[in-house]
Each structure stands twice: as structure tokens, then as C-alpha cells.
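Q: Chains as they are written, first to last, in our numbering: chain A, 31 to 354; chain B, 29 to 357; chain C, 26 to 538; chain D, 580 to 897.
Mind having a look at this structure? Questions to follow.
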Amino acid sequence: ACGGEKDEAPAAAAEAPAKDDKEAADPQSSGEVDMSVLKGKTIGFSQCDNGNSWRIAETESMQAAAEKYGVKLIYTDASADIAKQASDIEDMVAQGADYLIIAPQEEDGLQAALQSAMDKDVPVILVDRSVNGEAGQLYTSQIMSDFVWEAEQCAKIITETLGGKGNIAILQGTQGATSTNDRQKGFMDAIEGTDMKVVADQVANYVMDEAQDVMANILQAQGDEIDAVYCHNDDMAQGAIAAIKAAGYTPGKDIYVVGIDGPKAAMESILAGEQLASCSCSPLFGEPAFELCAKIESGQKVDASYTNEDTLYTKDNASVDAGF
Amino acid sequence: MNKAKNIYQWFSSKSSIAAFLILFIFSSIVFSGRSFASFDSIANLFRKAASDGGFLALGMTFVILIAQIDLSVGAVMALGGVIMAMFGAQNPILGIVLGLLAGIFCGFLNGFMVAKMRISSWVATLATMLGVRGIVLLMTNKKPVSVSNDALIALGNTKIFGINILVYFLVIATLICMHLSHNTKFGMGIYAVGGNEEAAKMMGLKVDKIKILCYVMCGFFAALAGMLLANRLYTAQPTAGDTWETTAIAMCALGGIKLSGGEGKFSGTFFGILVIATINTIFNFAGNLNSWWQNIIMGLLVLISIGVQSDVLKIGKGKKHTWKQEEAA
Amino acid sequence: MARNKILLEMRGIVKNFPGVRALKGVDFFVAEGEVHALMGENGAGKSTLIKTLTGIYQRDEGSITFDGKELNPKTALEAQNAGISTIYQELNLVPFQTVYENMYLGREPRTKTGVIDRKAMITGCEQVLADLGIHINVTAPLSAYGTAIQQMVAIGRAISVNAKLVIMDEPTSSLDTKEVRVLFDIIKKLKAKNIAVIFISHRLDEIFEICEHVTILKDGTLSGEVDIGEIDQLRLINLMIGKEAKQLERTKKGYTLENAETLVEMKDIRQGTRLNGLGITIKKGEVLGLAGLLGSGRTELSKVLFGATQPDEGEIFWMGQEQKFKNPKDAIGLGMGFCTEDRKVEGIIPHLSVRENMTIALLPQISKMGVVSASKQRQIVDEYIKRLAIKTPTQNQPIRNLSGGNQQKVLLARWLCMNPKLVIMDEPTRGIDVGAKAEIEALIQELASQGISILMISSEIAELERNCDRVVVMREGRKLGELIGDDIHQDKVMEIIASGGGELENIGGAANE
Amino acid sequence: MSNTVRTKADTVATLKKYSAVILLLVFLVINAVITPNFFSMGTVRNIIIQSCTIILTGMGMTMVISTGGIDISVGAVMALAGIVTVKLLPYGVLTACIAAIFVGALSGAIAGFMVGKLRVQAMVVTLALMIGVRGVAQILNDAKIIYISGDNADSFKMLGSASLGGIPIQIIPIVLAVAIVWFVLEKTILGRHIQAVGDNPSSAQLAGINSTRTLMIVYISSAVLAAIAGIFATAKIGAADGNSLGLLSELDAIAAVAVGGTCMSGGRAKIFGTVIGALIMLLITITVNMNNITYEYAQVLKAFIIIFAVYIQRDKAA
Ligand SMILES: Nc1ncnc2c1ncn2[C@@H]1O[C@H](COP(=O)(O)OP(=O)(O)OP(=O)(O)O)[C@@H](O)[C@H]1O
Ligand SMILES: Nc1ncnc2c1ncn2[C@@H]1O[C@H](COP(=O)(O)OP(=O)(O)OP(=O)(O)O)[C@@H](O)[C@H]1O
Ligand SMILES: [Mg+2]
Ligand SMILES: [Mg+2]
């Protein structure tokens, strides 16, 4: 019972940004911002977890932007620990950051820390994930990417490819993490009502090595039934592909593999026809986030929420370099 | 020669305090430009000590003093937080009580397996860690449980004289532990069991009872830590405390608690906690350290401070080594 | 015989261990206020009998009545509460805790506020030890002191609870004559208070001096129970080991080694406060004794010689060459062996088998390219089990399951099997029964006659008297004098020590740092 | 009469001795019934491939634990070894592997020195190494995954994918590791020394054993085995992942050792016990995957099995 009622809260939150982006304008488009105002400022960037290539690309884009605009970047890494991230934020406020850019680990847990920042009039910009709370109260503005949307895209392309009918295996990420929950929920909701059955739903903790072993075991049990594999990230997709090959099936023919994030490796295997698709938003939040800071600095009004375009990469468009 | 020895003696006995002061002064100077020594950042430092693992370390100290280990504290922490959040929504008291009971129960379970079933603490608590984490995920359906009750939130975020209430809790808890360990039969028993279990048995101590009690204390503090963290963060995460057991152990080790049992003081643990908090603050002030650099530095610091505490460096020539001889567990 | 009311009554006690039947239905009675000796060879079952009484082991059969009540202790605590206080054969104290904490563990005095009263503990502890003639810093960790002191602490602990029965399992084995006297006075006091004492020892003279009544075990069965008045040493021995034991007496005449070549020479050895510049020489085939009060630094000296610890100053010569031992390995390499004083902590490797314990130092010699030759190993071990009459079911028995005395024999064998040039024996006959003792003393002579030198430390001066060619008398890390050949005599030794001036008090020094 | 004692004790002992094996058999039977396509060459192959890591690290852990120590740095060492190998691949597969093993040995040497010479608790030392070495592994490639490519890529990947007559290549390191560790512990002086040091260090010292050297060797061996495990795992996935390769492997290894019946406080080591323990642990995972059991339940199940396995064969003595 208690499990049930809890379901709603985060779900609603996940929808929130999707609604916003209807009227949202992309900061890049509304060009002519004077970036020089940022010179000599101190900007704090709180990264929630530098443990995977997507996050690292995100961090690097921040560092690059700081370099470019002569900003002093204070950068903390919570290594996937919400408690540490809260502490990190308070530390950055304490050492007098002028702006905070935050990539939240979870939608809940940073409220107190954000509050204290806003109380000290330090503008807060959330990137890639929102938090439960009001813009203007807990944060100034946010640049969202929509994890649920990504999962839905993966579901869509699998549905199309299989003609709406088939057996699916899922490799889940770390249990209890919001990213995992979103990517699972989005997918399950999307295949709701189709004739597609999830015949295997196992955990591989976002780890390639683990994914390969888990997939090998799944295939051993019911290899012939499985038509597609949905992985919560592309590292696991790589592992799955390896396992599929080892088990004597042809990825992209007998079994379709779909992942999320879109690093080079994924793009390559998409072009090679081994991976069906990868959905991702660009991790390069540096530029847009800094532009927002500049806008605020120069007194322009900013919207409560912007959306960073997500893309579904398939054979047709995978030749681009997602930048990591 | 003798002088050097004395320095070691002093250093190793007070090493956690020393380490803390050294680090603190060092960083105050290095980051003087960025107000490291400011009230805010110091307040943060202490709050960090209290909210990020401090209570776990206190609990872990009980267990380590009896030459055992508890890998389940992280999971138990999550359990405590989640239970409190679920039942605390309507009635905070109920939530807190149930949360603590859950922690005490897990502790008892560990203690029972170690003392009565004679299962190595490594395995027993590893199993508890797996099992409890699984249960937490089941209870929460893998989703965070938000803490809405104001009373609870206040318990994690109120500030007294500008210092977070958690800090006061930690200090009080430490004092209580120091009292328990120094002024009570239980305390004496802990050191006896840790120092020489067989002897303790033959002197008529209730060894099993002491062991179980120590684990209960550990479970209690783990749950407490989880609840306070949940309050502070407005949410109980099913993943809370993941891998925090290592942090807690490191805090104890830095505090001079010998993992071979029977040696060490809670005051030491307290400063061990502060040392870790300081190191983390330094990382944040450095402001450009990736987690891997942090890992390397953390690893080195632990190695060094443990090396300094080494008996061998202390031991004067001719005095017999105090090797610990373990009994089959 | 007029005997008081029976206090303890054990009937048909049976105790089995995996592979061993330690007690085969033993009856054992102790009367109030009597000092009752429990005798028997190593492995006869004395300690086991005690442990079944005090709840360490659970008996398999039999009944116990104590003070008129049925007694089935599951834990040591229950026995304590019933009024039985015990000093176990293997020292069981907590090394890191202070002397006074050890003294009061489990029965700490409390203040009104319910917190434990350390002041009371300290003063109380000092008092108890003072009665035992020990004046040391009781707030120092126990591990700062040696076996002797630790033994005295254990005794103090046992007598300071008010019990109806005090059990002492070989309390004197690590004490010297002086402290044995102290202990005996204590026992008399207890007797006066009508407290019964069970006294276990392998030193017959002690038995005859202090005990009124004696029960003898043999292979886990009762082999006799008599008034001490009705029995003499030889009968007693006979009851214990079932055959006539060789009478222990000095076989040597005079001193024959004036011009034997020198094997070891230690010069002006200093180490901390324990060794204050003394030297000794040991000649080939000589049995050199070290006599002295406890804490006189004999163990320390021998450890320096063996490379277990390094001296602050001083030189060591081995066959004329100066040596700087970094660790025992070096000394062993030259052909030394060392039977340590503290069997449990520094001797046995508890979970390893008798075989492995005996050959652990020998391995390099019986293995090719690091691979041990199991057959050689077995054969050697068999040989020594026979030669020293070691009582063990098999070679594979974990040594911790052997009786104290048999453990000691295995450790002796560990060095003998390496046919060494010099064997250091620190209290070699501690806890060894008369039979075995005779064998070991004979062994010492045999070894000496083969040209093997022996450095013998013993708190039992009579033993030195019987076996040594020369005895060096020490106190507080200094050499007070030396007795040669037939001059070696108990009284002379005591004389020299006494002439040294000072009192045992001074010796605490080491611990205070 | 005294014979009855003997036989009774013996039967208990024998039951204990084989309880792990029995448990394993029970598992196989259960799977045979419930799990689709369980009894087939494919499963055997999967078991061999997937058991490589846990058995190798388990062998090292068995040695370490029998000295009364513990080594929780193995997972990090695996990661480091993987990264180093891939980084140095251009200089030849062999060179790369040797370098990786050397780096691992280095970490082991640090642990051995601190534990053996400075007498610091193994737990703390290896904990520090676990944190630090993981950091080094990440830093070598900014925590990004390196996908193996270039000259020696294919020949190196063979280490993960090749098979000899249908048997995966991983069988080689497994068999070698088990054989060697068994031989060393059971037949050599070193083996005796290891157990003596684990049992009573000061007695060992006074019996002329160089405990420092012994401990050095043990911790180095453990690290080397971990490094090898890391190399094979990397070859298998064809990429080096400094962040997550070997995460929590130390706990798997410890569990395997304990389930295998080795006493955690030092003394006797049960090499084949560890192998059985490793297989049991692995079989749990495989069963879960193949029957699509939900993760949370799997965790709880795992917990119970571990406790049960250790409980039935725990050492009653003391
Ligand atoms: N825990 C045990 N497990 C197996 N056998 C044991 C155990 N304890 C004692 N024994 C055996 O029981 C017998 C009696 O041992 P015990 O220690 O009582 O002898 P003892 O009379 O005290 O000898 P000592 O005079 O040497 O102390 C011995 O053969 C010993 O090997
Ligand atoms: N009476 C004492 N007072 C203080 N310390 C003592 C006393 N007796 C022993 N010790 C401590 O115990 C250690 C060794 O004890 P032990 O009695 O074995 O001394 P020892 O020099 O070996 O004399 P012996 O070999 O005759 O016992 C010494 O280093 C000393 O610190
Ligand atoms: Mg005995
Ligand atoms: Mg001595």
C-alpha cells in the first residue's frame, strides 16, 4: 500500500519539465548576450557523479566555458551521493560563489541546500534534471533534458522495428537511482498496450562487464525468444552486444539493442548496424548554462525552464559526434 | 632516540586531534583567500561531520572495539530513514520510534549471528547488508520517500546559534558513548571482550550479551544517522548510505580505534570524523578536484595517518610486541 | 582422619573431547577450609576436571554438589556466583587493559551515581598486590609486565573475591621461591578463614609443604586419594605415573669445562631499564644457569641473545665472531633454539597440528626447493613423540588440545630436532610433571654430553642446582655473581641476591613509561 | 566406548567437510528442475567465463585470510590492471599484461609492507588502497571507458573470447590459479609459514619465520591474482572501465571464501572450499538471471543462502 501512494510524487515531477518546454525558448537561439559580464566571476558547478562518460562530457563543457569566458570555476563532485551533493552546494555558497550550476543527483534531497543558496541571493541554475520545488524559490532557472522522454523514444523505435509485437529483455541500471526509475518507467508506460512482452528484466548496474554476464545468462535461458534488448545506458548496450555475439546470435538482426546516452562507441556500433538506436541529450550544458548566468548578471529576465533538445540517434543520423 | 619515541607516543595517542588541527590550520592558510576559516564554512564542516557518516562511525566504534566489523550500517541507515519517512508522515514520533526499532533489530540480528551462531562478522553483516538493501528497495518500490512532516524536517535543519542541530546531536551522542565506554560495566566489558575474548569468558563476563549489545548500539546509530539525514534532505533515499560503511570504518581508523579490538576511545572517533569532514571540505575548496583525485588523496592520507599510529614505530626496543591473538570465530 | 564437612562433591565425572576421553568417571571431594592437592601427570585431566567444575566445559556425565547444593554451571559466572574462584593454568587476562581493570573485570565497584569507581579500583588493586608483595604501577597496561607479575595479578584477582573455594591450577609454575612463599602465606590466611583451596602443582615439595590432602588422577581416572601424612614422595609419584620415577639429583661432580672452547660471549648488554650492562659466556657443552628474582631480566637477556629483541648497547660473539642479530632467524641459522617462558603467547601455534608445530623451524632442512617432504616430517615427529613420551592421539591433533605439559614437550622437540649448538630454555620444566621433568633433565644432561650448550633459566633454583655447570645470579639486569660446579646451592644463590640490596619494588620501572 | 566418541565426532566432521559440496549439488538439482536450458554446454561455458574473476580473487583472498588478514583492494586493483593493459597494448600484449601485473604487485607490496612491517590492520590498509588505487585507475583515462582498438586489439581480445575445443580460455587461469595456490599452501614451507603467521604471529617470529616477508608475499600474490582477473575481464568486454570494473568484487571474494568454509580469523585455508563457495555464489546469480527473478528478492535470497552455508559448517571450537 505504502509503495503505491508514493508512486505519484516523482512521476508528476518527471512530467513537469516536459510541459514547460512547450513555451520554452532555447537560450542559444536568443543570441546577443554579452558574455564579458561574467569575467572574473566565480561560478560553482556541482556535478552529482563523474562516474560515466556522459557526466564527464558535461563537466568538461563547464570547464571549457569557464576557460572561454574567464570565469573562475569551483567544481565539486558528489560521486553519486545526494547527501554529499547537498554538503558540496553549501560549501560552494560558503566560499562565495556568485552563481551555482547544479546537476542534481535526485529530484529530492537538495531542497535545504538550494534554499540556503537562494537565501544568500546566489542564483541557482539546474541542468539536466530538475528538483521538486518552485522555480524562483529553490532555483532561478533550469535547462532540462527529459529522461522519461528518452525512454519513450527507445520504446517507440523498438515498437516500430518489431512491428509492435515481440519479446524484450531489459538491463536496468543501479537500483533506486532516479535515472534508473525514469528510464524504466518511461519505457514501460510506452509499451503499455502493445503486444510487446518484457520476458527478462534484470539489473546490471550500468556496468558493461556485468551487463555482458547477465545478458549471457538471459540468452542461455531464452535466447531464441528474445527480439530486442533495452539497456538503461549504452555501456550496458555494449556489454549486451558482446554477449549476443558470443552466444552466436547476430545483433541488429536476430536481436535489436537499444541504449541511452550516445557516446562515440554507441554511435559506431549503430553505424555498424549492431545497435539499433541510442537516445540522448547532448551533455554539453556549459554554453547555455553560462549564457543564463550572463543574462542574469546583465539584468535580463530569464524563463523558469528551458529544454535541451534530446535526439534519437539511428543509422540515419548517428554519423554526428555527440561530443563525447 | 627517547625524544623521538615520546613524540610518537604523543602523536599516536593524540594523532586524530593532531591530524585534524594540522589539516585545519593548513587549509585555513591555503584558502585564506576564500574564507575557509569563516563561520559559515566551519559550521558547514561540523554539520557535514554530523550528517555525512558521523553517527555511523560512533556505532561502528562499538563493533570494532570488540574486534568485529559491521558492513550493514549503510543499508540499515537507509532502512531507518525510509521507515521513518513512511510512518512519520502522519505521526513523527511513531516514525522515529519504528525507525530506531528497525535499526536495533538489525543490530540484534547481526549480534545474534556473530555471538550465538558464531558466524564471522564479515559474512553475517555482509548478508545483512544485501538483505536489508533488498528489503528497502522492496518497501520503497525503489523510489525516494519524501519527508513532508515539518517537525521531522526541523529535526534535520534547525539552526541553533547558526549551527545545525545535527552537530549538537553528534556531540551529545559522543559524550554519551564516552560515558558508556569509560564509566560502566558494559564499557569495561567491551574492552575486555575486544582485548581477550577467552579471558573475558573465564572472568565470568557475559561475552555474548556484550557482543549483541555492541551490535545493537551500532544498528541504533545507523538508523539514527539515516533518519537525521532523511530529515535534513527532505527525503529518504533507498540508496542512502551506499558504501558509507567504508567511510565509517575509515573514520574509526583515523580516530585510532584498532581494528584488532580492545584499543581506542570514542573521543578518538569523534576527531576521526572531523578529519574526514575536513578533508572533504578541503576538496570542495580546492574546487577543481575530480573524484578520482579526491580518492587518491583520501587513500594516501589514510595510509599516512595509520602508518603513524603503527605500534612498531611506537614500540621501544625490547618491549614485547602486542600482537593480537585471535580466537577462532 | 578428622576431616571437615565436605564442601565440594564431584561424582563420576566424564568428559569427552573429539578423539580424546579426558575424564573417565572421576570422583573428587574437597572439605571446607582444607588445602587439597590435585596431582597427576601431564594430560591426566586435572585442568579438565577444574574446567568442568567452573563451567568452562560442560561435563558429559556425573554430578556436582557444592556447599550442599546441586551445581551445573553453564558459564564461569555461575560458578563464581556459587562461590568458586579460579586461577586457570593458562594465564587469562586482558593485555591492553590496566592491571587494576584486570583485577576488577566483571565485578567493578560502583559509586552512588552508579558509574564504576576507578579510584576505589586503583586503591583496592594496589592493596591486594601489596599483600602479595608486588608494588607496581597498577594503571599501566598489563602487557607491560611479564608472566610473573601477570600471574600474581591473577592470584590477587582470585583471592580478592570472597569465595568458599579457591582453585589454583599451577599458580607457582611461573613464580620464584620468594613469591611462592608469599603465595603460601596467602593460602594459610585463606585456610584460617575456612576457605578451601584446590592446589595443582607439579612441584612435590610444595605439595608436601602446603597441602593436607591429595587426590591423584591418572589418564582421566582416580588413582588415589590420601591424607598427605600417609604418603611419601615416591609413593605419590608411583600413584601418578604408575612406575618408579628416577630420583632427581645432581649427577655432575665438580667443574670440568675450564678449558672448553667458548661458544657464546655477551658483553655489557644494555637495553632500556631492564638490562643494565651485564655479560655472560657459555662454553661448548656447558649448562649455564641464570638465577634471579622475577623481573631480573633473564628472559630479556636470553631474548637479546636469540635476536628476538635488539640491545641498545653491547656486543655478542658467536664462536669468536661478532654477531648483530636482526631477528631470531639469524640466531637459528647459527644453531640456536629458544624454548620461551610464555608457552601460550610465544610458543605454540594453536590451530596447527603437533606435527607442524614441532617441525615449523626444521622445514627448510627437510624440503627440496621449498617443497616439504611429508614422509621425513612424519618420521621425525614420530621419533620425538616417542622419545619425549608426548601424550597426543595423533600427529594431527591441534596443539591447543594438548595438556599444558605436553605442549611444552612439543616445543622442546621443535628445537631438539634441529640438533642445535645452543638451546635456550626459559623455565623449561614449567608445568611439567615429575616423570617428564626427570626425562627432560636427563635429556639436558645427554645433550650437554653431546657437546650441545644449554642456557637454562629457572625460577626453581633446586633445578639449576641439579643441572648446571655454572650459575650466573642476576638482579635488575645486573650480574651479581657466579657459582661454579659443586658451589651451586640454593642458599648461596639467595645469599648473593640478598647481598645485592634493594627490594622487588624497584623493578616496576619498566612499566611506568 | 571411547570408539563411539571417535566415530560420532568424525561423522560430524565429515558432514561439515562436505556440506559446501552438498549445497552446490542441491543447487544444481534445483536448477535442473526449474531453470530452462540449464543443463547444456552453454551454461557450462557461461559458468567458466563468469567464475574467472571470483575464483582468482577468491584464491588470493583465501591466502590473505589464512594469515588472519583481509584484502578489500582487489576490486580496485582489477580496474587498474585493466586500464594499464589497454593503455600499453600498442607495446604488445605480453608487455602490457606484464606491466599490469607489475602495477598490481606494487599495490600488493604496499599492503604487505604496511601489514607485515608496520603491523597496521590489513582492513585499514587495503581500504585506503581500495580508495586510492581506484582513483589511479580512473585518472589514467579521466574515468572514461577505453574501447580496445588498434594493432594488438584482436589478439588481446582473444584472451577473453577464445576457446579450446568449446571450453572457454578462462579455464586456464582458473585451473592454474587453483593448482598453484593449493600446491603452495599444502605442500611448501611458505604454506606452513602463511598459516603459522595467521595463527600466532609472535610464536611464528620466535620460531624463525620472517613474518614480514611472508605477509609481503601473500598480499603481493593476492594483488597479482586480482590483476590477472582484471586483465581477463577487460579482454572479455573488450574495453577498460576504470570506474566500475571490479566494483564490490572484494565482497564476492570474501563471501566465496567464507561460504567455502575457511575460518575468517586465520589458520587453516580451504582452497577447494573457496572454489565451491565461488561456484555457489555465481550459481545464485545465474539462477536469478535465467529465471528472471526480481533483483530485490534476489538480494534477500542471496543473504539467506550465504548465512545458511556458513552456519552449517562453522567452526564449533573455541
Ligand atoms: N579442548 C580440548 N580438546 C581436545 N582434547 C583436549 C582438550 N583439552 C584437553 N584435552 C585433552 O584432555 C586430556 C587432559 O588434559 P588436561 O589439560 O586436563 O591435563 P592436565 O592434567 O591439566 O595436564 P597438565 O598437568 O599438563 O596441565 C589431555 O589428553 C588433553 O590432550
Ligand atoms: N617484579 C616485577 N616488577 C615489575 N615488573 C616485572 C616484575 N617481574 C617481571 N616484570 C616485567 O615482566 C617482564 C618479564 O617478566 P619476567 O618475570 O619473565 O622477568 P625476567 O627478567 O624474565 O625474570 P624471569 O625470567 O626470572 O621471570 C620484565 O620485562 C618486566 O617488565
Ligand atoms: Mg593442566
Ligand atoms: Mg622470564
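Built from N, CA and C at the ideal position, the CB exists for glycine as well.
A quick note: this is a predicted structure, and the numbers were derived from the prediction, not measured.
What is the DSSP secondary structure of A:Met218, counted as helix, strand or coil?
A: Along the first sequence, one-based indexing puts residue 218 of chain A at 188. Of the three classes helix, strand and coil, the one that applies to A:Met218 here is helix, per DSSP.
Q: Could I get the ranges of all uninterrupted beta strand (DSSP E) runs contained in the segment 321–346 of chain A, with 3 residues as the minimum, in chain order?
A: Segments of the beta strand (DSSP E) lying fully in the segment 321–346 of chain A: 335–337, 340–343.
Q: Measuring only between beta-carbons, confirm whether C:Phe363 sits less than 9 Å from chain D.
A: Position 338 of the third sequence holds residue 363 of chain C. Closer than 9 Å to some Cβ of chain D, the Cβ of C:Phe363 qualifies, so yes.
Q: Write down the C-beta distance between C:Leu318 and C:Asp201 rounded to the nearest angstrom, noting that I regard them as a contact closer than 8 Å.
A: Numbered from its first residue, the third sequence carries residue 318 of chain C at position 293. Numbered from its first residue, the third sequence carries residue 201 of chain C at position 176. C:Leu318 to C:Asp201, Cβ: 6 Å. Contact.
Q: Going by Cα to Cα distance, which pick from C:Gln390, C:Thr384, C:Ile424, C:Ala56 is closest to C:Pro375?
A: Mapped onto the third sequence, residue 375 of chain C falls at position 350. Answer by Cα proximity: C:Ile424.
Q: Would you list, in chain order, the members of the segment 220–236 of chain A that have their beta-carbon closer than 8 Å to a beta-carbon of chain D?
A: Answer in chain order: Val229, Ala230, Asp231, Gln232, Val233, Asn235, Tyr236.
Q: Under the DSSP definition of a beta bridge, which residues are partnered with C:Pro423?
A: Taking the third sequence and counting its residues from 1, one reaches residue 423 of chain C at position 398. C:Ser378, per the DSSP bridge assignment.
Q: Counting only beta-carbon atoms, is B:Thr156 nearer than 9 Å to chain D?
A: Position 128 of the second sequence, counted from the start, is the residue given in the question as residue 156 of chain B. Chain D, which has a Cβ nearer than 9 Å to the Cβ of B:Thr156, makes this yes.
Q: Should C:Lys71 be counted as a contact of ligand 3 given a C-beta to heavy atom distance under 8 Å?
A: Counted from its first residue, the third sequence places residue 71 of chain C at position 46. Yes.
Q: Note the first and the last residue of the continuous alpha helix (DSSP H) segment covering C:Ile75.
A: Taking the first residue of the third sequence as position 1, residue 75 of chain C is located at position 50. It spans 71–79 - the alpha helix (DSSP H) in which C:Ile75 sits, taken as one unbroken run.
Q: Is any beta-carbon of chain A found at less than 9 Å from that of D:Ala897?
A: Here residue 897 of chain D refers to the residue found at position 318 when the fourth sequence is read from its first residue. Confidence in D:Ala897 is poor, its pLDDT being 35 and thus under 50, which makes the residue's placement too unreliable to answer from.
Q: Who are the Cβ neighbours of A:Leu103 in its own chain at under 7 Å, not counting the five residues just before and after it?
A: In the first sequence, residue 103 of chain A corresponds to position 73, counting from 1. Cβ neighbours of A:Leu103 beyond the five flanking positions: Ile73, Phe75, Met92, Gln93, Ala96.
Q: Verify the contact flag: C:Gln433, CB atom, against every heavy atom of ligand 3, threshold strictly below 8 Å.
A: On the third sequence, residue 433 of chain C is found 408 positions in, with the first residue counted as 1. No - ligand 3 has no heavy atom lying nearer than 8 Å to the Cβ of C:Gln433.
Q: Can you name the start and end residues of the beta strand (DSSP E) that C:Gln346 belongs to?
A: Working through the third sequence from its first residue, we reach residue 346 of chain C at position 321. From DSSP, the beta strand (DSSP E) with C:Gln346 extends over 346–348.
Q: Nearest to A:Ile187 by alpha carbon, out of A:Cys309, A:Ala273, A:Glu255?
A: In the first sequence, the residue the question calls residue 187 of chain A occupies position 157. Selected option, being the one with the closest Cα: A:Cys309.
Q: Alpha carbon to alpha carbon, how far is C:Ser484 from C:Gly44?
A: Numbered from 1 along the third sequence, position 459 holds the residue referred to as residue 484 of chain C. Numbered from 1 along the third sequence, position 19 holds the residue referred to as residue 44 of chain C. Approximately 35 Å between the Cα atoms of the pair.
Q: Name, going along the chain, the residues of the segment 130–154 of chain A whose beta-carbon falls closer than 8 Å to a beta-carbon of chain B.
A: Those would be Glu136, Glu137, Asp138, Gly139, Leu140, Gln141, Ala142, in chain order.
Q: At what residues does the alpha helix (DSSP H) containing D:His772 begin and finish?
A: Residue numbering aside, residue 772 of chain D sits at position 193 when the fourth sequence is read from its first letter. Taken as a continuous stretch (DSSP letters only), the alpha helix (DSSP H) holding D:His772 covers 768–778.
Q: What residues in its chain sit with their C-beta under 8 Å from that of C:Gln83, if we drop five residues either side in the sequence?
A: Walking along the third sequence from the start, residue 83 of chain C turns up at place 58. So the list reads Thr77, Lys99, once near-sequence residues are dropped.
Q: Could you check what DSSP says for C:Asn41 in three-state terms: helix, strand or coil?
A: For the purposes of this step, residue 41 of chain C is taken as the residue at position 16 of the third sequence. Strand.
Q: Does the beta-carbon distance from C:Leu86 to C:Gly131 come in below 9 Å?
A: Sequence index remark: in the third sequence, residue 86 of chain C carries index 61 (1-based). Sequence index remark: in the third sequence, residue 131 of chain C carries index 106 (1-based). Sequence inspection shows Glu at residue 86 of chain C; the Leu mentioned does not correspond to that position. No, the Cβ-Cβ distance between C:Glu86 and C:Gly131 is not below 9 Å.
Q: D:Cys631 to D:Gln749, Cα distance in whole Å?
A: Reading the fourth sequence from its first residue, position 52 is the one you call residue 631 of chain D. Reading the fourth sequence from its first residue, position 170 is the one you call residue 749 of chain D. Taking the straight line joining both Cα atoms gives about 6 Å.
Q: Hey, out of A:Asn197, A:Asp243, A:Lys331, A:Asp138, whose CA is closest to D:Gln629's CA?
A: Mapped onto the fourth sequence, residue 629 of chain D falls at position 50. Selected option, being the one with the closest Cα: A:Asp243.
Q: Can C:Gly460 be considered in contact with ligand 3, in the sense that its beta carbon sits closer than 8 Å to one or more heavy atoms?
A: The residue given as residue 460 of chain C occupies position 435 in the third sequence. Outside the cutoff, so no.
Q: Compare the C-alpha of B:Ser60 against each of A:Gln125, A:Val63, A:Ala296 and name the closest.
A: On the second sequence, position 32 is the one that residue 60 of chain B refers to. Comparing Cα-Cα distances from B:Ser60 to each of A:Gln125, A:Val63, A:Ala296, the minimum goes to A:Gln125.
Q: Starting from the beta carbon of C:Gln348, find every residue of chain B whose beta carbon is closer than 9 Å, and list them in chain order.
A: Looking up residue 348 of chain C in the third sequence gives position 323. What C:Gln348 touches in chain B: nothing, since even the nearest Cβ is about 17 Å away.
Q: B:Lys234 by DSSP, collapsed to three states: which one?
A: Locating residue 234 of chain B in the second sequence gives position 206, counting from the first residue. In the structure shown, B:Lys234 sits in coil (DSSP, three-state: anything other than H, G, I, E or B).
Q: Pull up the DSSP beta-bridge partners for C:Asn301, would you.
A: Here residue 301 of chain C is taken as the residue at index 276 of the third sequence, counted from 1. C:Arg295.
Q: At the level of alpha carbons, what is the spacing between B:Asn316 and A:Ile173?
A: Working through the second sequence from its first residue, we reach residue 316 of chain B at position 288. Working through the first sequence from its first residue, we reach residue 173 of chain A at position 143. C-alpha separation (whole angstroms): 23 Å.
Q: Identify each residue in the segment 83–117 of chain A for which the Cβ-Cβ distance to at least one residue of chain B is less than 9 Å, and report them in chain order.
A: Here the close residues are Ile86, Thr89, Gln93, Lys102, Leu103, Ile104, Tyr105, Thr106, Asp107, Ala108, Ser109, Ala110, Asp111, Ile112, Ala113, Lys114, Ala116, Ser117.
Q: Shortest alpha-carbon distance to B:Thr267 belongs to which of A:Val228, A:Ser109, A:Val154?
A: Here residue 267 of chain B corresponds to residue number 239 of the second sequence, with the count starting at 1. Of A:Val228, A:Ser109, A:Val154, the residue nearest in Cα terms is A:Ser109.
Q: Candidates B:Ser100, B:Met114, B:Ile307, B:Thr89: which alpha carbon is nearest B:Leu126's?
A: Position 98 of the second sequence, counted from the first residue, corresponds to residue 126 of chain B. Nearest option by C-alpha distance: B:Met114.
Q: Compare the C-beta of C:Gln176 with all C-beta atoms of chain B and state if any pair is closer than 9 Å.
A: To locate residue 176 of chain C, count along the third sequence from 1; it is residue 151. With 9 Å as the cut-off, C:Gln176 does not count as an interface residue toward chain B.
Q: Name the residues in the segment 110–140 of chain B whose C-beta lies less than 7 Å from a C-beta of chain A; which are they?
A: Under the 7 Å Cβ criterion, the segment 110–140 of chain B contributes Met114.
Q: Quick check on A:Val152: does DSSP put it in helix, strand or coil?
A: Counting from 1 along the first sequence, the entry for residue 152 of chain A is found at position 122. Coil at A:Val152, not helix or strand.
Q: By how many angstroms is the C-alpha of A:Val123 removed from the C-alpha of A:Lys150?
A: Walking along the first sequence from the start, residue 150 of chain A turns up at place 120. Walking along the first sequence from the start, residue 123 of chain A turns up at place 93. Going by the C-alpha atoms only, they are around 8 Å apart.
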